[in-house]
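Chemist: When you read off a place in the sequence shown, starting at 1, and then add 58, the result is the number in this note's numbering. Glycine included, C-beta positions come from ideal geometry on N, C-alpha and C. If you're wondering where the values come from, they're calculated on a predicted model, not measured in any experiment.
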Amino acid sequence: HDDDADGVCGAAVVLAFLDQQGKSAKNFCGDIDEKNFKKYAKEKCDIAIFIDYPLADYPQFLDFFKGKKILILDHHMPTNEINSKEIIYLNPRFKKKDLYYCSTHLAWDVCSAAGLKGFEWLMRLGSVGDHEIDGTDEENEAIDVVHAIQAMKKEDGMRKLASDLSEFSKLSDFVYNPNYQKMKNTLKKEIDRQVNLFDLETPARGIHFFEIKSSYSITSILANTLFDLYPSRTIILYTKKNGGWNVSARSHKFDL
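1) Counting only runs of 3+ residues fully inside the region 166–193, write out the beta strand (DSSP E) ranges in chain order.
2) Residue 58 by DSSP, collapsed to three states: which one?
3) Is it the case that the Cβ atoms of residue 354 and residue 131 are separated by a distance below 9 Å?
4) Starting from residue 217, trace the alpha helix (DSSP H) both ways and give me its first and last residue.
5) I believe residue 66 touches residue 216 by the beta-carbon criterion, under 8 Å. Please report the beta-carbon distance rounded to the nearest angstrom.
6) Ignoring anything shorter than 3 residues or poking outside the region 225–280, list the beta strand (DSSP E) runs there in chain order.
7) Starting from residue 95, trace the alpha helix (DSSP H) both ways and give me its first and last residue.
8) What did DSSP end up calling residue 88 once you bin it into helix, strand or coil?
9) Reducing DSSP to helix, strand and coil, say where residue 292 ends up.
10) Looking at the unbroken alpha helix (DSSP H) that takes in residue 70, where does it start and where does it end?
11) Given this structure, state the Cα-to-Cα distance separating residue 206 from residue 181, to the nearest angstrom.
12) With 16 other CB atoms within 10 Å as the buried threshold, where does residue 105 fall?
13) Out of 212, 203, 124, 79, which has the shortest C-alpha to C-alpha gap to residue 86?
14) Three or more C-beta pairs closer than 8 Å, one from the region 80–100 and one from the region 175–193: is that the case here?
15) Starting from the C-beta of residue 224, find all residues in its chain whose C-beta is less than 7 Å away, skip the five residues before and the five after it, and write them out in chain order.
16) Three-state secondary structure (DSSP) at residue 314?
17) Buried or exposed: residue 251, going by 16 or more other Cβ atoms within 10 Å of its Cβ?
18) Which partner residues does residue 304 have in the DSSP bridge list?
19) Just how far apart, CA to CA, sit residue 293 and residue 122?
20) I'd like to confirm the pairing. Which residues does DSSP put opposite residue 107 in its beta bridges?
21) For residue 284, which of helix, strand or coil comes out of DSSP?
22) Between residue 322 and residue 249, which are expected to be in contact by the criterion C-beta below 8 Å, what is the C-beta distance as a whole number of angstroms?
23) Is the beta carbon of residue 110 less than 9 Å from the beta carbon of residue 169?
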């Protein structure tokens, strides 16, 4: 599963369902790249489930899983039809291209129809995190906690979070955990520091390029924060990562 709020919450829904069914499962998360998918394919399993990955754009990654049954739960705009005897690719945008319906919501629809009891709170959490719906104050605070884990603990932390969320019975069990609250407060201080460093002087064509220098993985989180504060600006953030650059951009003016 993807390592953002939608991917993690969607994975947690599926893990909760499998647990209720008495099925064993391992979960893994990370960026959608060849290295990660080769790593996933080394695990012995009968069925591989992918959540919040636009695999219609990367069908070659599924070649590593030949001989296994595959289920894909995704909401990104599908570019190819990859359903087959071995692959079930569920995406609500096949029929309604303009529909915004996150992967967590889709996972909950499928799992609840198959017998999952409860966990509507988890479906809502993923939907708030992916901006499908507006959240309550408690739900928005929970998303801040998810972002803190994502920034500070990275992929391993998000993998563990998916497992933990599948075992909680209600949202408050998660959001008010003292360890999570501490991480949330630490991240808030770092985001506030970066917002203060952001140069508001209007550049050419209104496009802001801003390099992030931080020990935390906050590119996407900071992009959302700045875009909420300055929605008329085009904001392009970048930071060094693994010998290259990680970029996150937001704009109402340009198709990015």
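Modeler: Let me lay it out:
1) none
2) The structure shown does not extend to residue 58, since the chain is modelled only from 59 through 314, so no value can be given for it.
3) Residue numbering for the chain in the displayed model covers 59 to 314; residue 354 lies beyond these limits and cannot be assessed.
4) Annotation: the continuous alpha helix (DSSP H) that includes residue 217 extends over 195–223.
5) 5 Å
6) 265–269
7) 92–99
8) coil
9) strand
10) 63–78
11) Straight-line measurement puts the Cα of residue 181 at about 20 Å from the Cα of residue 206.
12) exposed
13) 212
14) no
15) 70, 73, 74, 77
16) coil
17) So residue 251 counts as exposed.
18) 297
19) Between the alpha carbons of residue 293 and residue 122 lies a distance of about 37 Å.
20) 129
21) helix
22) Coverage of the chain is limited to positions 59 through 314, which leaves residue 322 absent and any answer about it impossible.
23) no
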